[in-house]
Amino acid sequence: MAKAILYLNQFFGQIGGEDKADVGSSIHEGLIGPAMELDKHLDAEITHTVICGDNFMGSNTEEAINTILGFLEGKQFDIFLAGPAFQAGRYGIACGHICKAVKDKFNVPVVTSMHEENPGVEMFKKDIYIMKGGNSAAKMRQDIKSMASLANKLIRKETILEAAQEGYYSRGVRHQVWRDDKKPAADRVVEMLIKKVNGEPYETELPVPKMDRVSIAPPIADLSKANIALVTSGGIVPVDNPDRIQSASATRWGRYNTEGTDDLQKGDYKTIHAGYDPAAADDDPDRVAPVDALKAYEKEGIIGRLHKYFYSTVGTGTTQAEAARMAKEMIPHLKEDNVDGIILTST
Amino acid sequence: MVKEFERAGFPIVQMANLIPVAKSIGSNRIVPTISIPYPLGDPGTDKEQQWKLRYHRVGVALEALTTDAKEQTVFKVKI
Numbered sequence: 047m048a049k050a051i052l053y054l055n056q057f058f059g060q061i062g063g064e065d066k067a068d069v070g071s072s073i074h075e076g077l078i079g080p081a082m083e084l085d086k087h088l089d090a091e092i093t094h095t096v097i098c099g100d101n102f103m104g105s106n107t108e109e110a111i112n113t114i115l116g117f118l119e120g121k122q123f124d125i126f127l128a129g130p131a132f133q134a135g136r137y138g139i140a141c142g143h144i145c146k147a148v149k150d151k152f153n154v155p156v157v158t159s160m161h162e163e164n165p166g167v168e169m170f171k172k173d174i175y176i177m178k179g180g181n182s183a184a185k186m187r188q189d190i191k192s193m194a195s196l197a198n199k200l201i202r203k204e205t206i207l208e209a210a211q212e213g214y215y216s217r218g219v220r221h222q223v224w225r226d227d228k229k230p231a232a233d234r235v236v237e238m239l240i241k242k243v244n245g246e247p248y249e250t251e252l253p254v255p256k257m258d259r260v261s262i263a264p265p266i267a268d269l270s271k272a273n274i275a276l277v278t279s280g281g282i283v284p285v286d287n288p289d290r291i292q293s294a295s296a297t298r299w300g301r302y303n304t305e306g307t308d309d310l311q312k313g314d315y316k317t318i319h320a321g322y323d324p325a326a327a328d329d330d331p332d333r334v335a336p337v338d339a340l341k342a343y344e345k346e347g348i349i350g351r352l353h354k355y356f357y358s359t360v361g362t363g364t365t366q367a368e369a370a371r372m373a374k375e376m377i378p379h380l381k382e383d384n385v386d387g388i389i390l391t392s393t
Numbered sequence: 013m014v015k016e017f018e019r020a021g022f023p024i025v026q027m028a029n030l031i032p033v034a035k036s037i038g039s040n041r042i043v044p045t046i047s048i049p050y051p052l053g054d055p056g057t058d059k060e061q062q063w064k065l066r067y068h069r070v071g072v073a074l075e076a077l078t079t080d081a082k083e084q085t086v087f088k089v090k091i
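Order-wise, the sequence lines are chains A and B.
Last residue of the first sequence: 393 (this note's numbering), numbering continuous.
Last residue of the second sequence: 91 (this note's numbering), numbering continuous.
Below, the structure is given as structure tokens:
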């Protein structure tokens with residue numbers, strides 16, 4: 047029987063939550079967490095589960111990858127899987143990094159799964175098979191099944207069909223194919239054009255990927271006269287969270303007046319972000335929203351002034367569409383006070 | 013969020029630990045922080061060190077706002 051190895055983060059690897067996200071990599075014989083369900087659907091035996099904390103992988107990527115590649119050295123496996131990672135950004139990126147590294151070094155097929163808003167998709171879809179997955183662990187069974195179905199085809203060395211048919215994100219690889227309808231390109235393009243001219247729906251054969259890039263805003267000419275604003279996605283709020291900003295998948299934001307305060311005191315402010323261990327941020331909120339340093343620069347005259355509010359929301363599980371909307375809602379306030387530049391801290 | 017602010021014409025600098033993510037979403041000015049749960053002050057070091065680090069990195073971010081960046085730039089930090 048073919049053999050498989052699965053990668054999980056500290057949470058799904060049952061080591062612990064955010065407080066254990068710094069844990070280094072480890073390898074375990076047998077099935078842990080999602081490995082049990084995956085094993086049921088896979089035409090291979092999962093011999094080992096590899097686990098690494100998301101923060102460790104995020105902050106010490108090279109070290110984590112090398113350690114894991116070391117674990118795998120000499121082990122027999124026909125396929126390597128990771129996740130599913132749903133919409134968890136750090137986990138998705140970790141799955142992408144390790145899958146790509148394993149594929150490059152051991153030349154075995156690799157499969158993972160992520161939600162389309164996971165930043166790991168954009169970063170790794172060209173390199174590896176990433177199945178289109180759900181946004182939360184509620185979709186675990188479904189996502190595992192889809193990972194297994196592609197993995198089984200890879201194990202049996204069957205032909206892998208196009209991205210849309212198999213359910214993975216398009217890798218941008220082009221194949222020569224023989225069409226069943228034998229219609230040449232010249233006919234197809236004219237048909238498409240006629241439909242376009244008539245305003246009818248048509249489907250392009252070469253979708254151009256949308257890269258939404260914004261041109262770089264011109265720099266501040268004189269910092270000593272500039273009005274600087276601070277924005278954070280780290281969830282720093284007054285302890286009673288007056289705007290009831292959600293701890294994950296936020297749709298709300300708040301702005302908080304810092305006039306007359308030189309720094310954000312423990313007990314006055316805290317974080318409500320559920321995507322990282324809050325201990326350090328609660329103990330000193332300036333670690334995430336550096337009001338103290340900005341006030342110092344204001345006093346020293348290095349910046350003209352610090353805009354009197356800082357703006358806060360929570361950037362975990364938050365969709366890009368919601369984040370964009372919240373930023374758009376903040377912009378009129380910043381314009382009203384003639385803000386010249388923004389520092390945005392993220393966690 | 014960074015993109016919306018920049019689209020509105022504000023020069024913006026993102027202070028982030030996961031640089032590849034900041035790059036992939038299209039942040040143009042990026043200053044690295046030291047971790048996810050404590051971006052600007054390691055609780056394992058003394059207050060003085062934490063302040064120095066935070067003051068320095070915020071300073072780099074302010075400098076970044078005055079830099080005429082022609083392409084996506086990750087600014088160098090000393091501490």
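By construction, the Cβ of each residue, glycine as well, lies at the ideal position given by its N, Cα and C atoms.
None of the values given here were measured: they were computed from a predicted structure.
Leaving aside the five residues before and after residue i along the sequence, list all residues of the same chain whose C-beta is less than 8 Å from its C-beta, in chain order.
| i | result |
| --- | --- |
| K242 of chain A | Y248 |
| S192 of chain A | S159, M177, K178, G179, G213 |
| F425 of chain A | No information on residue 425 of chain A is available, as it lies outside the stretch 47 to 393 that chain A covers here. |
| A81 of chain B | N40, R41 |
How would you list, in chain order, the residues of chain B whose beta-carbon sits under 7 Å from the beta-carbon of residue i?
| i | result |
| --- | --- |
| K374 of chain A | E16 |
| A48 of chain A | Going along chain B, no residue has its Cβ under 7 Å from A48 of chain A, so there is no contact; the nearest lies around 32 Å. |
| R333 of chain A | Y50, P51, L52, G53 |
| M169 of chain A | P32, S36 |
Run the CB neighbour count on residue i, radius 10 Å, all protein chains shown included, and call it buried at 16 or more, exposed below.
| i | result |
| --- | --- |
| Q62 of chain B | buried |
| P253 of chain A | exposed |
| W299 of chain A | buried |
| S392 of chain A | buried |
| D330 of chain A | buried |
| P130 of chain A | buried |
| E251 of chain A | exposed |
| N164 of chain A | buried |
| Q311 of chain A | exposed |
| H353 of chain A | buried |
| H221 of chain A | exposed |
| A232 of chain A | exposed |
| T6 of chain B | Nothing can be reported for residue 6 of chain B: it is not among the residues displayed for chain B, which extend from 13 to 91. |
| G116 of chain A | exposed |
Can you name the residues of chain C whose CB is closer than 8 Å to the CB of residue i?
| i | result |
| --- | --- |
| A327 of chain A | Note that chain C does not occur in the displayed structure, where the protein chains are A and B. |
Which chain A residues sit within Cβ distance under 7 Å of residue i?
| i | result |
| --- | --- |
| T57 of chain B | Going along chain A, no residue has its Cβ under 7 Å from T57 of chain B, so there is no contact; the nearest lies around 11 Å. |
Spatial neighbours of residue i within its chain, please: CB distance less than 7 Å, with the 5 preceding and 5 following residues excluded, ordered by chain position.
| i | result |
| --- | --- |
| D308 of chain A | D338, K341 |
| I144 of chain A | Y53, I111, I114, A128 |
| R351 of chain A | N273, E344 |
| G387 of chain A | I266, A272, I274 |
| A326 of chain A | R333 |
What residues of chain B sit near residue i, judged by a beta carbon separation below 8 Å?
| i | result |
| --- | --- |
| Y322 of chain A | I48, P49 |
| D330 of chain A | G53, P55, Q62 |
| A370 of chain A | M13, K15, E16 |
| G281 of chain A | In chain order: nothing, as chain B lies at least about 11 Å away. |
| T393 of chain A | N29, I48, P49, P51 |
| I3 of chain A | Residue 3 of chain A lies beyond the range of chain A shown here (47 to 393); nothing can be said about it. |
By Cβ distance below 6 Å, which residues in the same chain neighbour residue i in space, the five residues on each side in sequence not counted?
| i | result |
| --- | --- |
| V96 of chain A | Y53, I73, I114 |
| I349 of chain A | L269, A272, I274, Y343 |
| S47 of chain B | N29 |
| V72 of chain B | V43, F87, V89 |
| P324 of chain A | T317 |
| N101 of chain A | A67, D68 |
| L65 of chain B | I91 |
| G142 of chain A | G166, M169, F170 |
| Y322 of chain A | E64, T393 |
| S182 of chain A | F132 |
| P23 of chain B | L77 |
In chain A, which residues lie less than 8 Å from residue i when you measure between Cβ atoms?
| i | result |
| --- | --- |
| V86 of chain B | The premise fails here: V86 of chain B is roughly 14 Å from chain A at the closest Cβ pair, so nothing lies under 8 Å. |
| V70 of chain B | P336, A339, L340, Y343, I389 |
| E42 of chain B | Going by the sequence as given, residue 42 of chain B is Ile instead of Glu. Neighbours of I42 of chain B on chain A: none; closest Cβ ~10 Å, over 8 Å. |
Mind pulling the chain A residues with CB within less than 9 Å of residue i?
| i | result |
| --- | --- |
| I91 of chain B | The contacting residues do not exist; I91 of chain B stays about 13 Å from chain A at best. |
Output, in chain order, the set of chain B residues within a Cβ distance shorter than 9 Å of residue i.
| i | result |
| --- | --- |
| G135 of chain A | L30, V33 |
| L380 of chain A | F17, A20, F22 |
| V406 of chain A | Because chain A is modelled from 47 through 393, residue 406 of chain A falls outside the range shown and cannot be assessed. |
inquiry  = Please identify, using Cβ separations under 9 Å, the residues of the stretch 257 to 268 of chain A that lie next to chain B, in order along the chain.
reply    = Under the 9 Å Cβ criterion, the stretch 257 to 268 of chain A contributes M257, D258, R259, V260, S261, I262, A263, P264, P265, I266, A267, D268.
* Asked: Just checking, does the stretch 147 to 164 of chain A make contact with the stretch 174 to 184 of chain A on the three C-beta pairs under 8 Å criterion?
  -> Judged by Cβ distances under 8 Å, the stretch 147 to 164 of chain A makes contact with the stretch 174 to 184 of chain A, as three or more pairs qualify.
**Request:** Check whether the stretch 264 to 282 of chain A touches the stretch 378 to 390 of chain A, counting contact only when three or more Cβ pairs, one atom from each stretch, lie closer than 8 Å.
**Result:** With the cut-off at 8 Å, the stretch 264 to 282 of chain A and the stretch 378 to 390 of chain A touch.
Indicate whether the contact test is met: 3 or more Cβ pairs, each with one atom in the stretch 333 to 343 of chain A and one in the stretch 283 to 301 of chain A, closer than 8 Å. No, the stretch 333 to 343 of chain A is not in contact with the stretch 283 to 301 of chain A.
ask   = Quick one, which residues of the stretch 91 to 122 of chain A are near chain B if we go by CB-CB under 7 Å, in chain order?
value = Shown in chain order are the members of the stretch 91 to 122 of chain A whose Cβ falls below 7 Å from a Cβ of chain B: N101, G104, S105.
- Taking only beta carbons into account, state which residues of the stretch 342 to 353 of chain A come closer than 9 Å to chain B, listed in chain order. For the stretch 342 to 353 of chain A, which is checked against every Cβ of chain B, the residues closer than 9 Å are A342, Y343, I348, I349.
Output needed in chain order: residues of the stretch 22 to 34 of chain B with a Cβ under 8 Å from some Cβ in chain A.
For chain A, the residues of the stretch 22 to 34 of chain B that bring a beta carbon within less than 8 Å of one of its beta carbons are F22, P23, I24, V25, Q26, M27, A28, N29, L30, P32, V33, A34, in chain order.
Is it a yes or a no for the stretch 125 to 136 of chain A touching the stretch 148 to 158 of chain A, going by three-plus beta-carbon pairs under 8 Å?
-> Result yes; three or more Cβ-Cβ pairs closer than 8 Å.
Closer than 7 Å between beta carbons: that is the criterion. Which residues of the stretch 146 to 167 of chain A meet it against chain B?
Answer set for the stretch 146 to 167 of chain A: P165.
Margin query: Does the structure place the stretch 48 to 62 of chain A close enough to the stretch 79 to 88 of chain A that three or more beta carbon pairs sit under 8 Å?
Written below: By the C-beta criterion, the stretch 79 to 88 of chain A is judged to be in contact with the stretch 48 to 62 of chain A, since at least 3 inter-stretch pairs fall below 8 Å.
- Item | Residues of the stretch 194 to 219 of chain A whose Cβ lies closer than 7 Å to any Cβ of chain B, in chain order | So nothing in the stretch comes that close.
* Asked: With a cut-off of 8 Å, do at least 3 Cβ pairs link the stretch 226 to 238 of chain A to the stretch 202 to 216 of chain A?
  -> Proximity of the stretch 226 to 238 of chain A to the stretch 202 to 216 of chain A falls short of the contact definition, fewer than three beta-carbon pairs being nearer than 8 Å.
Selection of the stretch 53 to 86 of chain A by Cβ proximity to chain B, strictly under 8 Å: With the criterion set as a beta carbon lying under 8 Å from some beta carbon of chain B, the members of the stretch 53 to 86 of chain A are E64, A67, in sequence order.
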